[in-house]
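Structure record follows, encoded as structure tokens.
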């Protein structure tokens, strides 16, 4: 089902290349154009035949596009916006896939001309891997795509973008950008931050060797290393661009952790038990909502 | 290969029932005896035919055993020790599978008679599920079993226990109990604590609904819910019995998190990037060491 005549994807890493694959599979555009500044990625994009045309210049890539999707780290948006603003077609839609939304609006709103529809979006999906060869078309299946149209956004342009994400297999949620940033701070940004942090704490111990940390990681630690293996540039930009919500959620997390610490110090087993009992139910609800595997241990392979 | 004439397992939850299955599969004992105080579990144990004899009285279960393995929460050891001490055979080995080791020695050393070999052990393996029907024989394959013999432990008794765990598919590490507790504090106890904590923080938010937390959990949060679904009694006992090491590691974790928080507040992107870059390598090493899946996303199922 063709939704757009031309879609242009800027940045074909894990998310951008998954998008390209899904769009091609479902024939959602007449012409799919790509642009990526990374020479290694350029080669992979061509080898994998991910787009119809891979442009050398970003301005060429966007000039005939009905939909431009930024799939680069959010810290690059302002610069890219300046480069492409004058080359965007009248009535084109500019969207993205970034994990932070308020700052997207802030950095692009004044740059993008009036005749372009700026409609940020965020597919809540991914793996810890990076690059064009890490992508796959089903990445967005049964995941949520959050669209955060600014006030007064063109209804038809929003509908078309919704249709695109539905065709890619996603469920759609329309949300205010600020609320998005608070929701994602707790469901994604803080989890990444504490995963990065514990891996770093473990690395720096003096009397527990790195080889011990690795050998005995099946006790729980290994679960954290997965998201702590995510793209460093992307995540640096997330934290720099969602500062307020992240700092507030982090404050709550630390407060709660201090309460647990106190319960351990004073041997308050009832408080610990009560909390551990409550959290168990949330996993069940996530599985029931189709957002994680039903099998134990994430369905990790056990040979029996 | 028969190693013992009689093995008795006290507590047939996830770990105890996995042990029973592995011991039966490999015929590591002439007779396998079980005891569990939970009536629901008793029924499952019989239905699943996990042991040769399921005893009603714990003293009957242990009296002819050459090896008794405690597979109950560590908080129960002292009481169980008192009940069984006078009924243990001369030359029998008393072991366990608990996640804390120094306190095991402390609570059992003075209770267990001189003629019994007390040799604590800890298989670093598990899933978030509980109960006899959650176990499986291959749970210990390619995982590490840490044995922490006290000073002057009988060499032959240690060797036999090593052989048992090797036959169950584990790699063996001999370690001092105190060191074990520090290593596991960082590789298992703190990961569980912060997982429980973030799930609890997320539950308690006022402006982000529980349904939003569940819907958008694929952004990272869901990874933490798995270990936060682990058995509450077991984990309460772990924290109460490994207080010193947990509090110290938690202090380090919080210090490091505060430094990250400061970097975010002051917009220090270089510091964030540098840390995120370093932690990425540890995942690779864990995969190379055979302690996690090579596939992205823990090998979670994606339908393409």
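Residue numbers (the numbering used here), protein chains in the order written: chain A, 275 to 578; chain B, 275 to 578.
Heads up, the beta-carbon is just placed ideally off N, CA and C, and yes, glycines get one too.
- If you draw a straight line from the Cα of residue 412/B to the Cα of residue 573/A, it is about 14 Å long.
- Shortest Cα-Cα distance from residue 376/B to any of 514/B, 354/B, 287/B involves 514/B.
- Residue 445/B has 418/B as its beta-bridge partners, per DSSP.
- Inclusion of residue 571/A and residue 561/A in the CB contact set at 8 Å is not warranted, their separation being larger than that value.
- Taking a contact to require three or more Cβ pairs closer than 8 Å, the stretch 282–291 of chain B and the stretch 330–349 of chain B qualify as touching.
- When the Cα atoms are used, residue 436/A and residue 303/A turn out to be separated by approximately 14 Å.
- Below the 8 Å Cβ cutoff, chain B contributes 538, 539, 541 as neighbours of residue 517/A, in chain order.
- In the structure shown, residue 369/A falls within a strand segment according to DSSP collapsed to helix, strand and coil.
- Under the DSSP assignment, residue 498/A falls in the alpha helix (DSSP H) whose first and last residues are 495–501.
- If you check the CB distance, residue 289/A and residue 434/A do not come in under 8 Å.
- In terms of Cβ geometry, residue 550/A and residue 509/B form a close pair [threshold 8 Å].
- The C-beta distance from residue 359/B to residue 385/B rounds to 5 Å, short enough to fall under 8 Å.
- In the three-state DSSP reduction, residue 323/B falls in the coil class, being neither helix nor strand.
- In the three-state DSSP reduction, residue 279/A falls in the strand class (E or B).
- By alpha-carbon distance to residue 308/A, the top candidate from 330/A, 350/A, 472/A is 330/A.
- Relative to the Cα of residue 470/A, the nearest Cα in the group 298/B, 444/B, 530/B, 310/B belongs to 530/B.
- The contact set of residue 440/B on chain A, defined by CB atoms closer than 8 Å, is empty, because the minimum CB distance reaches about 16 Å.
- In the DSSP assignment, residue 343/A forms a beta bridge with 283/A, 369/A.
- The three-state reading of DSSP puts residue 548/B in helix, counting H, G and I together.
- Residue 489/B belongs to the set of residues whose beta carbon lies under 8 Å from a beta carbon in chain A.
- Non-local C-beta neighbours of residue 452/B in its own chain, meaning closer than 7 Å and more than five positions away in sequence, comprise 376, ordered along the chain.
- For a Cβ distance threshold of 7 Å, residue set 398, 458, 461, 462 of chain B lies close to residue 493/A, ordered along the chain.
- Residue 560/B has a beta carbon lying within less than 8 Å of a beta carbon in chain A.
- In terms of Cβ geometry, residue 396/A and residue 454/A form a close pair [threshold 8 Å].
- By the CB criterion at 8 Å, residue 348/A and residue 566/A fall outside the cutoff.
- Counting only Cβ-Cβ distances below 8 Å, residue 470/A has contacts in chain B at 534, 549, 550, 553, in chain order.
- Within 10 angstroms of the beta-carbon of residue 406/B lie 16 or more other beta-carbons, which makes it buried.
- Looking at the DSSP output, residue 309/A sits in a beta bridge with 284/A.
- If the five residues before and after residue 318/B are omitted, its C-beta is found closer than 6 Å to the C-beta atoms of 406, 407, all from its own chain and listed in chain order.
- DSSP places residue 398/B in the strand class (E or B) of the three-state scheme.
- The beta carbon of residue 421/A is closer than 7 Å to those of 393, 395, 432, 435, 436, 446, 448 in its chain, skipping five residues each way along the sequence.
- Contact annotation: residue 391/B and residue 368/B have beta-carbon atoms nearer than 8 Å.
- DSSP places residue 471/B inside the alpha helix (DSSP H), whose first and last residues are 464–477.
- Residue-level contact check: residue 499/B touches chain A, since one or more beta carbons of chain A fall below 8 Å from its beta carbon.
- Assigned with DSSP and collapsed to three states, residue 304/A falls in strand.
- Residue 341/B and residue 494/A have their C-alpha atoms some 28 Å from each other.
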